[in-house]
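In our numbering, the protein residues as written are -8 to 350.
Below you can see the structure in the form of structure tokens.
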């Protein structure tokens, strides 16, 4: 529901639903997981608005906080994951909106924070409202442990949720990466605050499907599988995607199939560290893929990094634009291949996915 017209504002004021407001990187996936959890219970999901807030709808967010029946504010993350490569670090995040909303939280509100993000974690010091932490850290109230990837025929991510001495397993079908685990943990937190138990939440998450282009496994033409991470890319998210590619077994292939192919587009927004960042990622390709396709002018540095690690030049294919990439990839693909497609949103790597996905 948008608050950009008088009718919707009046409707909101008359119904005064509960509001779960989600902010931060990965808010879209977190909001979907939360909606999935709440939607499995008519009681927990009744009269609840799950709302994604950012700088573009600041006034709406303030209106909702002021007039909602109850508030759960969920903060996902604002920084990159920890890394030992200094030039992978993101610029200091802008959290002005988050801080502003925290300051106006009503006393009875609940705050759900990602413990693993130091910037998010420290926001607890700015408010006295009840707070739940989620994450991988041992001090998180809701902790994910024992993460492992399941192989064919049931590819996905398995992990355990630990909360107040209770442990339940969670399986995310065809989904990979920390973003989905964090989304599930946010769903657990909101579910608990809404009166659901861990078993109910775990059962609800079985139907969580993620969003297109976010570390999601889909079927490709020629009996292939595509690890679709085409929606966006940062240095660390692409590193994680390559690590997942390394760990997943490709389908059994014939006629030279069963290979792993990395199709990597430019990462936009890494400022002065363009060569170093792309080359560092390229160095990871040798351990993860049999073939490398690069897309865009910056992506050629992937090839340099890969060759430095001994990746054969004749297994590297470089393109300036997406259309040529899709056509070449179609010709090269063989039955049983596993293909990672990743790159910044500006590259429109989803067009490559659409060229080779099974319809």
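Glycine included, C-beta positions come from ideal geometry on N, C-alpha and C.
Annotated as proximal: residue 241 and residue 329, with beta-carbon spacing under 8 Å. Inter-residue distance for residue 139 and residue -3 is about 49 Å (C-alpha atoms, whole angstroms). Within the DSSP bridge table, the entry for residue 43 names 13 as partners. In this structure, the CA atom of residue 98 is about 6 Å from the CA atom of residue 120.
By the Cβ-count criterion, residue 251 is buried, with 16 or more other Cβ atoms from all chains shown falling within 10 Å of its own Cβ.
Assigned with DSSP and collapsed to three states, residue 122 falls in strand. Apart from the 5 residues on each side of it in sequence, residue 181 sits with its Cβ closer than 8 Å to the Cβ of 11, 25, 28, 29, 63, 65, 103 in its chain, given in chain order. The residue from 144, 31, 217, 273 with its alpha-carbon nearest to that of residue 325 is 217.
Counting along the chain, residue 339 sits inside no beta strand (DSSP E), nor does DSSP assign it H or E at all.
Its chain contains 325, 326, 327, 328 as the residues whose beta carbon lies nearer than 7 Å to that of residue 248, once the 5 sequence neighbours on both sides are disregarded; these appear in chain order. Distance from the Cα of residue 92 is smallest, within the candidate group 189, 45, -1, 60, for 45. By the criterion of a C-beta distance shorter than 6 Å, residue 196 is surrounded in its chain by 161, 175, once the five residues flanking it on both sides are discounted. Scanning its chain for C-beta atoms nearer than 7 Å, with the 5 sequence neighbours on each side dropped, one finds around residue 291 the residues 285, 309, in chain order. With a minimum length of 4 residues, the unbroken runs of alpha helix (DSSP H) contained wholly in the segment 169 to 222 fall at 169 to 184, 189 to 196. Cβ-Cβ distances below 6 Å link residue 157 to 189 in the same chain, with the five nearest sequence neighbours on each side left out; the list follows chain order. For residue 314, the enclosing alpha helix (DSSP H) begins and ends at 313 to 323. The three-state reading of DSSP puts residue 7 in coil, since its state is none of H, G, I, E or B. Under the three-state reduction of DSSP output, residue 143 falls in the coil class, being neither helix nor strand. In the structure shown, the three-state DSSP call for residue 296 is helix. Annotated three-state conformation of residue 306 is helix, per DSSP. At the C-beta level, residue 70 and residue 110 come within 8 Å of one another. Rounded to whole angstroms, the separation of the alpha carbons of residue 283 and residue 215 is 16 Å. Close CB contacts of residue 199 within its chain, under the 6 Å cut and outside five residues either way in sequence, are with 24, 27 (chain order). Here DSSP, grouped into helix, strand and coil, assigns residue 160 to strand. Rounded to the nearest angstrom, the gap between the Cα atoms of residue 201 and residue 318 is 28 Å. Between residue 338 and residue 220, the C-beta gap is not smaller than 8 Å, which leaves the two residues out of contact. Residue 284 sits in a strand when the DSSP states are folded into three classes. Residue 230 places its beta carbon less than 8 Å from that of residue 275. With a cutoff of 8 Å on beta-carbon distance, residue 147 and residue 349 are scored as not near each other.
By a beta-carbon distance limit of 8 Å, residue 67 contacts residue 105. Their separation comes to about 6 Å.
A distance below 6 Å between beta-carbons, with the five flanking residues on each side excluded, links residue 206 to the following residues of its chain, in chain order: 167, 168, 220.
In this model, residue 21 and residue 172 are separated by some 9 Å (Cα to Cα). Annotated three-state conformation of residue 135 is strand, per DSSP.
Straight through space, the alpha carbons of residue 7 and residue 50 are spaced by roughly 17 Å. Inclusion of residue 95 and residue 155 in the CB contact set at 8 Å is not warranted, their separation being larger than that value.
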